[in-house]
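Asks: My questions all concern the structure below.
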Amino acid sequence: MQKLSDCFAFKRGERTAVVGSGGKTTLLWLLAQTHRDKKVLVTTTTQMSPPQSERIDRVLDGEELAGEEAITGVTFAADTNAAGKKVSPGLDQLERAAPRYDLVLYEADGSRNLPLKGWAEYEPVVPPFTSCTIGVIPLWPLGRRADESIIHRFPLFCRLTGISPGETITARHLVKVICGGSGADKGLFEKALGQKTLFFSQIESPDDWQNVQTVMSLLPKNGGEQTMRIIAGSAKQNVGRVLPVD
175 MQKLSDCFAF KRGERTAVVG SGGKTTLLWL LAQTHRDKKV LVTTTTQMSP PQSERIDRVL
235 DGEELAGEEA ITGVTFAADT NAAGKKVSPG LDQLERAAPR YDLVLYEADG SRNLPLKGWA
295 EYEPVVPPFT SCTIGVIPLW PLGRRADESI IHRFPLFCRL TGISPGETIT ARHLVKVICG
355 GSGADKGLFE KALGQKTLFF SQIESPDDWQ NVQTVMSLLP KNGGEQTMRI IAGSAKQNVG
415 RVLPVD
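Every letter in the sequence shown is one number past the one before it in my numbering, and letter 46, counting from 1, is 220.
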């Protein structure tokens, strides 16, 4: 076991989209804080809650982002909608600003704070200049009943996984979330660009680690289209490990 933040080996200038469900925001801010000695830009391509002030060194809106030079520390850039949510500063502005930063992290998906989700056709919003996509999924819903209390876009999730309302969520259902279902129903990495990293989030107990092994045993092997880097751990505790991929 090691620090979770050390498991993610970013290249200088990496432009990283964080997609998926439960644990995206916690991971994003952990990674931002870990690299605070560099020039880090944090933003969203959809919308997210305003960050805690101690996490950031500078706040910019979309217009300012296009013109301001990068500084050492964490810069948060976003516009604000009528509901007070932080929304995308604009992909054009982000693309122009990104080369000035050592690391760019953007939350590119939404799940309304629920641990699982299905995807609408327009989700997630991964910009074409993305060099790394981190797909986040927690495993604690295994064994729970499938319903709208823990699943965002529940009908789409049912279609993707083949599960019925009230049925018990199994590892095979979550593998379909990761790898995609049949036909046009795609999963976590459908719009991923660059290096794909699967992150099993909120892994904190022996039972959680057993769930990781169960899901891992069902993932495609030997160079299948879902071969990717796989990390499991807890962003809250900053512990994790890189898992071997056959």
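Glycine included, every Cβ here is placed at the ideal spot set by N, Cα and C.
Leaving out the 5 sequence neighbours to the left and right, which residues in its chain are closer than 6 Å to residue 272 when beta-carbon positions are compared?
Replies: 189, 278
Asks: Beta-carbon separation of residue 348 and residue 372 under 8 Å?
Replies: no
Asks: Alpha carbon to alpha carbon, how far is residue 221 from residue 253?
Replies: 9 Å
Asks: Do you know how far the Cα of residue 213 is from the Cα of residue 276?
Replies: 5 Å
Asks: Closest to residue 366 by C-alpha separation, out of 375, 310, 393, would be which residue?
Replies: Out of 375, 310, 393, 310 has the C-alpha closest to the C-alpha of residue 366.
Asks: According to DSSP, is residue 260 part of a helix, a strand, or is it coil?
Replies: strand
Asks: Where does residue 175 land, buried or exposed, given buried means 16+ other C-beta within 10 angstroms?
Replies: Counting Cβ neighbours within 10 Å, residue 175 comes out exposed, since fewer than 16 surround it.
Asks: Who are the near neighbours of residue 360 in its chain, counting only those whose CB is closer than 6 Å to its CB and skipping five residues on each side?
Replies: If we look at residue 360 and ignore the five residues flanking it on each side, its Cβ neighbours are 354.
Asks: What whole-angstrom Cβ distance do residue 244 and residue 274 have, given they're in contact under 8 Å?
Replies: 4 Å
Asks: Quick check on residue 398: does DSSP put it in helix, strand or coil?
Replies: Only weak support exists for where residue 398 lies, its pLDDT of 45 falling under 50; the coordinates are left without a value.
Asks: So, helix, strand or coil for residue 381, using DSSP?
Replies: Helix, per DSSP.
Asks: Using alpha carbons as the reference points, say which of 280, 364, 193 lies closest to residue 225.
Replies: 280
Asks: Drop a sphere of 10 angstroms on the beta-carbon of residue 382, count the other beta-carbons inside from all chains shown, and report buried for 16 or more, exposed for fewer.
Replies: buried
Asks: Look at the Cβ atom of residue 377, then the Cβ atom of residue 340, and state whether they are nearer than 8 Å.
Replies: no
Asks: Taking a contact to mean a Cβ-Cβ separation below 8 Å, would you say residue 248 touches residue 206 in this structure?
Replies: yes
Asks: Do the stretch 283-297 and the stretch 254-262 meet, that is, are 3 or more Cβ pairs less than 8 Å apart?
Replies: With a cut-off of 8 Å, the stretch 254-262 and the stretch 283-297 do not count as touching, because too few Cβ pairs lie within range.
Asks: Does the distance from the C-beta atom of residue 313 to that of residue 385 stay below 8 Å?
Replies: yes
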